[in-house]
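K.L.:
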Amino acid sequence: MDKFEIVVIGSGPGGMSAASHAAELGVSHVLLEASPKHSNTIQKYQKGKHVMDTPTKLPLRSPLDFEAGTREYILDKWEEGMTATSTNILYKSEAASIEGSKGDFTITLKNGDKVGAKFIILGIGVQGNPRKLPCPGAEFEHIQYQLDDPEEYNNERIAIVGAGDAAIENAVGLAKQNTVCIINRRDEFARAKQGNLDSITQHISDGMIECHYESNPARIEENPSDESRYLFYLSTPTGETPVPVDRVIARLGAIPQRKLVESFGIEFPNDSPTALPELSSQYESNVPGMYIIGALGGYPLIKQAMNQGYEVVEYIQGNDIEPADHPLFVEAFDGLPYDKNVNEILEYLHEASPLYQNINPLTFREFILDSKVQEVSDGDRLCVQGEFTDTFFVVVDGSAYVKLPGVGEFRFKPGDFFGEQSLISGRRRTATVYAGEGCVVVETPRRTMVKLQNSVEAVKRVLDEAFMLRAVQSKFTPNTAHSRLVDLVHNTELKLFNAGENIYTEGEEGDDVHLIRLGSVTSVKHTSKKDIITSYMPVGHYFGESGALGDGVRGDTARANVRTETICLSKESFLSLLEMEPGMQTEVQGHVRDRLTIEARMEAQPRGGELMSFFMSEGLGEGTDVLLIDETLCVGCDNCEKACAESHDGNSRLNREAGESFANMHVPIACRHCEHPHCMKDCPPDAIHRASDGEVYIDKEACIGCGNCVRNCPYDVISLQKNPDEKPGLLQWLLTGSGPGPGGKQYKEGDDIKKAVKCDACKDHDSGPACVRACPTGAAMRMNPKDFVDLVGSRFGS
Amino acid sequence: MYQSITNYKGARYFWVALALSALSILAYWWHQPVNSPNGGTWLGYTLGTIGALLIVWLMLLGVRKRSYNSDLGNMQGWTSAHVYLGTALLIVATLHCGLQFGSNVHTLAYVLMVAVIFSGFFGIYAYIRYPNLMTENRAGDTMSGLLEQVQKIDERCLREAETDDLRELVESSVVGTCVGGGWWHQLNARDHSTIVVPPALNLGGRQGQTSNRDQEQVIQTLANRLSELSGGQEAGAVQHLLAAFSAKQILLRRIRRDIQIRALLKIWLYVHVPLSFGLLAALLTHIVVVFFYW
């Protein structure tokens, strides 16, 4: 039996980099590869696939070359590199079992050969077990999990399931000569790399690929007609849709080769299928002497894996070198009150909160790189009530506190987190949080949190539980300790409803109480003629309580306006909540009475209900700041449009005359500043933001004019415009007639690119939106959907 | 929630204007000058100064309207104040001159002012009355939507006109249909559409180009043609055309009415604004004359 200092198992980018670095250092080594070629995963990439070298900021540290290029170019470079360093590689040598311990491992190969090793580096990746399509019909012949060569398929209808890089690359590769659709269970491509994101959005906008957002595979059936081989049923927010397909390619990521890895003695932290083995910061597993790098360690990026390969060999040699991203952390941690090095700080932060508990250290490293760790002075505000910011905070040291009127201060201790309400609901901050003494926080941007929630199930669960606990407490039992609510919340579930779905129906039995945490709900009454909307309830409102407190028969229908999620409390839980807090029962009864009064009033004004229905059908229910024009006052002077243009570089962002009207209320084409803005999905440069007052605006400098937002906005309020030239002033226009005059545009010659232009609700003007200020007759008003009830009352009330 | 300019903030400028008018009247009644009341007394000068400042301020509405980034109150407030204080000006200026009129530049300024104010009264009437009428007339549609519907009807008629004669008739009616025009045409909303009825369809009517006001001629011609036919493909086509032109007739009426209302909402400004510049010139002359030549 040959015995080596280092045995590397798996010749992916990490393994190769490790083996060739060992070769470079003259350390005895062997690289075991199960297949006949190195880099099996990358060999399986499509021909000509462009391989990215993200993260771009990160320097490469490996004897092998790596820069963005085609699959072939990269594989050739690696081949050259391994030859140049005389790396010892054994093909068709699959490791079957490992015995022994640090300094004396014995690896038994599938063919029975044995190899001895002092140290083992596992770089076997996760590609071994692709995640299967979780729906009936997945066993059909033309359902596959891999695509070797897109050129092999012609004139087929192909559905790609998934929203990651592999799914996007397959879809784009097949789109030229096939009819391709991509099925994304979310409403954006959050997990994809930038280049792929650009490419897929371009293909979707060009009509080359159809994208089914917020869609999940329901089942696959053989198509009785000749149109296609199968019918692929998708569950979408608006119901089940059949898609005729000839082939389904599911790219749902991979499950770690857990059984094999566990047989090597490596432990996993939990049973979650997405769990990854726990590693030290030097990539050493729980088995001393056995190291894990690359995707199996939670790091799927090539460059990172190559750097790890290099670093792990150094660590084995006893050289405690800093990882390649070290300088980025040194910069990020500058000014923190810790007398610790980067790794110690990282470890410290990782242990700071139970929320981070299930995150693999390497994922955590990336997470921290995206976040901001800072020390905040005592009394400074971390987030401000009423603002629309959406970052997420974890207290690492010291404390942060909220001032509760009448109750005192509520303190967040080290390890506590806050900001989940705004992150999940897309609404204003519900409280102002101040930094306490010695406060150090990790502030994470929304995009990173969304990514983390999607990839680490446990984080989502912890956040959801905290959300439920705090929402229930602040709504029903503000003076009761969290600890008394834990059991109750544990037995409470979240329920998701699609747009237009009935949460419950009038006349049916039911006594659950719902607290809205995402979306909005309308209450509908059936009359002999039609349905009348009697109230509108946004995030933070509860409904169904009259069922729980009354006879258990629903007096109305509750319908989701948009995709809506509620915290669903059983009658027992709800009643026990009311018992915890003296006076709450009276308050809730008051709430029931108020609502019944409003609903009766609305019912008595059927036109009001119709107006409300009209607003909802116009999508105003998901808006936060909606421009409405009273047609009985509007004289059509278009001063609103002129004011908009004049206060925004000459391009008007609203079209007064276009848009629908009902009962003299006109909904012009103007931004509604949605709770979860559709335009923010898939903005490649991340140029669309929400200002602290809620205005959704486009950073003009960052916009690249791709037009994704224009297509994603269901209300047509974004357009691509050139920047008009400067024009003569008012006096010059008045006296000499030069220029286009107020509200007019003067175009300049040249080939400026068109950029996206939308309403920013005049966020930079202290006195409010120009359109409203400029209306001479008071016909233009901006309002929140919550004001609709008052509006309807003022127009139709007696 | 929504308030008209007359009700703006509880009609606060109505009360301001009322107070100004009442004070002026009270002072006028109380003040007994040696000669009859006139612009040369201290009260006359006071009222004159107030009036002149009011005129200048009222005219600044045009500047404020175009100062889109101004933080100086909102336009609705300005308009509401403009309406009420402009009305009060009538009283202030009348009391200023002490009802002394003559054939001179001073009375010219007064006459111009009255003309401006009364054209403004029409403006208030128009702003209160016409938006409702316009909405009712458009019945939830937009101008461009109505025009699009007319275009679609025209295209359908051209497709459905089976015979050469019918096609000629339809083409001629489409080409001859006109809406809008100069300001006078817009305001009186008369239909000046024309048509040339092909001889074969012309039952003793005028030859050559004739009026097709309110699409009557084309509808009449089609009705006549229908009475000559008893069934058959052409009869079906004529029926379709008849229905289409009746629909077009209603759409065109709406379009003309819309154009008319829009014109009415604007036309008074073409009197109000130039006259106010005339007033400003006359006012300056009046002041200069008073101070240098009186």
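Sequence order for the protein chains is E and G. Okay, so the first sequence: first residue is 1 according to my numbering, each after it adds one. Okay, so the second sequence: first residue is 1001 according to my numbering, each after it adds one. Think of the CB as a built atom: it goes at the ideal place given N, C-alpha and C, for glycine as much as any other residue. In this text, all values refer to a predicted model and were calculated from it rather than measured experimentally.
#1: Under a CB-based cut-off of 8 Å, is G/T1006 close to chain E?
#2: Among G/C1178, G/A1263 and G/V1150, which one has its Cα closest to the Cα of G/N1188?
#3: Excluding five sequence neighbours on each side, which residues of the same chain lie with their C-beta closer than 7 Å to the C-beta of E/S570?
#4: Sort out for me which residues DSSP pairs E/H29 with in a bridge.
#5: Can you name the residues of chain E whose CB is closer than 8 Å to the CB of G/K1065?
#6: Could you check the C-alpha separation between E/C775 and G/W1057 for me, to the nearest Å?
#7: For E/R795, name the three-state secondary structure that DSSP assigns.
#8: Is there at least one Cβ from chain G nearer than 8 Å to E/V667's Cβ?
#9: Can you pull the chain E neighbours of G/G1051, defined as C-beta to C-beta under 7 Å?
#10: With DSSP collapsed to three states, give me the class of E/N655.
#11: For E/Q146 and E/G69, what's the separation of their Cα atoms in angstroms?
#12: Counting only runs that start and end within the region 55–135 of chain E, where is the beta strand (DSSP E) found for 3 or more residues in a row?
#13: Relative to the C-alpha of E/V312, which candidate in E/V489, E/I121 and E/G116 has its C-alpha closest?
#14: Curious, which full-length beta strand (DSSP E) runs of at least 3 residues does the region 431–473 of chain E contain?
#15: Would E/S661 pass as an interface residue toward chain G - the criterion being a Cβ-Cβ separation below 8 Å?
#16: Contact check, E/A558 vs E/I598 under 8 Å by CB: the rounded distance?
#17: Could you tell me which residues DSSP puts in a beta bridge with E/H666?
#18: Taking the C-alpha atoms as reference points, what is the distance between E/H482 and E/F615?
#19: Determine which residues share a DSSP beta bridge with E/K495 and list them.
#20: Look at E/G125 and E/M306 and say whether their C-beta atoms are less than 8 Å apart.
#21: So that I know if they touch, is there some Cβ in chain G lying closer than 8 Å to that of E/P742?
#22: Taking 8 Å as the threshold (beta carbon to beta carbon), is E/T632 in contact with chain G?
#23: Does DSSP put E/D187 in a helix, in a strand, or in coil?
#24: Hey, which unbroken runs of the beta strand (DSSP E) at 3 residues or more fall wholly within the region 1167–1247 of chain G?
#25: Looking at the structure shown, is E/D751 part of a helix, part of a strand, or coil, going by DSSP?
#26: Here's the rule I'm using: 16 or more other beta-carbon atoms within 10 Å means buried, otherwise exposed. How should E/F418 be labelled?
#27: Checking 8 Å against the spacing of the C-beta atoms, do E/T777 and G/T1107 come in under that value?
#28: Output, in sequence order along the chain, the residues in the region 1119–1141 of chain G whose CB is closer than 8 Å to any CB in chain E.
#29: Is there a Cβ of chain G sitting closer than 8 Å to that of E/S794, yes or no?
#30: Give me the residue from E/D334, E/R554 and E/T534 with the minimum Cα distance to E/E375.
#31: Which residues, in chain order, does the region 226–254 of chain E contribute to contact with chain G at a C-beta distance below 8 Å?
#32: When the Cα of E/N358 is compared with those of E/E33, E/G608, E/L279 and E/E79, which residue comes out closest?
#33: Pick out the complete beta strand (DSSP E) segments inside the region 668–703 of chain E, 3 residues or longer, and give them in chain order.
#34: Leaving out the 5 sequence neighbours to the left and right, which residues in its chain are closer than 6 Å to E/P269 when beta-carbon positions are compared?
#35: Could you pull out every unbroken alpha helix (DSSP H) segment of at least 4 residues lying fully inside the region 314–371 of chain E, listed in chain order?
#36: Using the beta-carbon of each residue, which ones in chain E are nearer than 9 Å to G/Q1100?
P.N.:
Reading from the atomic positions:
#1: Locating residue 1006 of chain G in the second sequence gives position 6, where the first residue counts as 1. Against chain E, the CB of G/T1006 has no partner CB under 8 Å away; the residue lies outside that interface.
#2: Within the second sequence, numbered from 1, the residue matching residue 1188 of chain G stands at position 188. Among G/C1178, G/A1263 and G/V1150, the Cα nearest to that of G/N1188 belongs to G/A1263.
#3: For the purposes of this step, residue 570 of chain E is taken as residue 570 along the first sequence, with counting starting at 1. Result list for E/S570: D512, in chain order.
#4: For the purposes of this step, residue 29 of chain E is taken as the residue at position 29 of the first sequence. Bridge pairing for E/H29: E/I6 [DSSP].
#5: By one-based count along the second sequence, residue 1065 of chain G stands at place 65. Correct list: N639, A774 and P776.
#6: Reading the first sequence from its first residue, position 775 is the one you call residue 775 of chain E. Reading the second sequence from its first residue, position 57 is the one you call residue 1057 of chain G. Those two C-alpha atoms are separated by around 19 Å.
#7: The sequence position of residue 795 of chain E within the first sequence is 795, counting from 1. Note: E/R795 maps to helix in three-state DSSP.
#8: The residue you call residue 667 of chain E lines up with position 667 of the first sequence. E/V667 is outside the set of residues whose beta carbon lies under 8 Å from a beta carbon in chain G.
#9: Taking the second sequence and counting its residues from 1, one reaches residue 1051 of chain G at position 51. Within 7 Å Cβ-Cβ: nothing; G/G1051 doesn't reach chain E, min ~24 Å.
#10: Sequence index remark: in the first sequence, residue 655 of chain E carries index 655 (1-based). Three-state DSSP puts E/N655 in a strand.
#11: For the purposes of this step, residue 146 of chain E is taken as residue 146 along the first sequence, with counting starting at 1. For the purposes of this step, residue 69 of chain E is taken as residue 69 along the first sequence, with counting starting at 1. Going from the Cα of E/Q146 to the Cα of E/G69 covers about 21 Å.
#12: 95–101, 104–109 and 114–122
#13: Along the first sequence, read from residue 1 onward, the residue named residue 312 of chain E stands at position 312. With distances taken between Cα atoms, E/V312 lies closest to E/I121.
#14: 433–435 and 439–444
#15: For the purposes of this step, residue 661 of chain E is identified with residue 661 of the first sequence, where counting begins at 1. Taking Cβ atoms only, chain G reaches closer than 8 Å to E/S661, which makes this a yes.
#16: Your numbering for residue 558 of chain E matches position 558 in the first sequence. Your numbering for residue 598 of chain E matches position 598 in the first sequence. A Cβ-Cβ separation of about 15 Å leaves E/A558 out of contact with E/I598 under the 8 Å criterion.
#17: Indexing the first sequence from 1 puts residue 666 of chain E at position 666. Partner(s): E/I629 and E/S661.
#18: For the purposes of this step, residue 482 of chain E is taken as residue 482 along the first sequence, with counting starting at 1. For the purposes of this step, residue 615 of chain E is taken as residue 615 along the first sequence, with counting starting at 1. Answer to the nearest angstrom: the Cα atoms are 39 Å apart.
#19: Here residue 495 of chain E refers to the residue found at position 495 of the first sequence. Paired residue(s): E/T566.
#20: Mapped onto the first sequence, residue 125 of chain E falls at position 125. Mapped onto the first sequence, residue 306 of chain E falls at position 306. Going by C-beta atoms, E/G125 is not nearer than 8 Å to E/M306.
#21: Within the first sequence, residue 742 of chain E is the residue found at index 742, counting from 1. By this cut-off, E/P742 is an interface position.
#22: Position 632 of the first sequence, counting from 1, holds the residue named residue 632 of chain E. Yes, because at least one Cβ of chain G sits closer than 8 Å to the Cβ of E/T632.
#23: Translated into positions along the first sequence, residue 187 of chain E becomes position 187. Coil.
#24: Segments of the beta strand (DSSP E) lying fully in the region 1167–1247 of chain G: 1194–1196 and 1209–1211.
#25: The residue you call residue 751 of chain E lines up with position 751 of the first sequence. Its pLDDT being 48, under 50, E/D751 is placed unreliably by the model, and nothing is read from it.
#26: On the first sequence, residue 418 of chain E is found 418 positions in, with the first residue counted as 1. Flag for E/F418 reads buried.
#27: Your numbering for residue 777 of chain E matches position 777 in the first sequence. Your numbering for residue 1107 of chain G matches position 107 in the second sequence. Against a cut-off of 8 Å, the Cβ pair of G/T1107 and E/T777 comes out as no contact.
#28: A1126, Y1127, Y1130, P1131, N1132, M1134, T1135 and G1140
#29: Your numbering for residue 794 of chain E matches position 794 in the first sequence. Chain G contact via Cβ: present.
#30: As a first step, residue 375 of chain E must be located in the first sequence, where it is residue number 375. Ranked by how close their Cα comes to the Cα of E/E375, the residues E/D334, E/R554 and E/T534 have E/D334 in first place.
#31: none
#32: For this step, residue 358 of chain E is matched to residue 358 along the first sequence. When only C-alpha atoms are compared, the closest one is E/L279.
#33: 688–690 and 696–698
#34: Start at 1 with the first residue of the first sequence, and residue 269 of chain E comes out as number 269. Around E/P269: A275 and E278.
#35: Taken in chain order, the complete alpha helix (DSSP H) segments of 4 or more residues contained in the region 314–371 of chain E are 326–332, 342–350 and 361–370.
#36: In the second sequence, the residue the question calls residue 1100 of chain G occupies position 100. Near G/Q1100 there are no residues of chain E at all, since even the closest Cβ is about 35 Å away, more than 9 Å.
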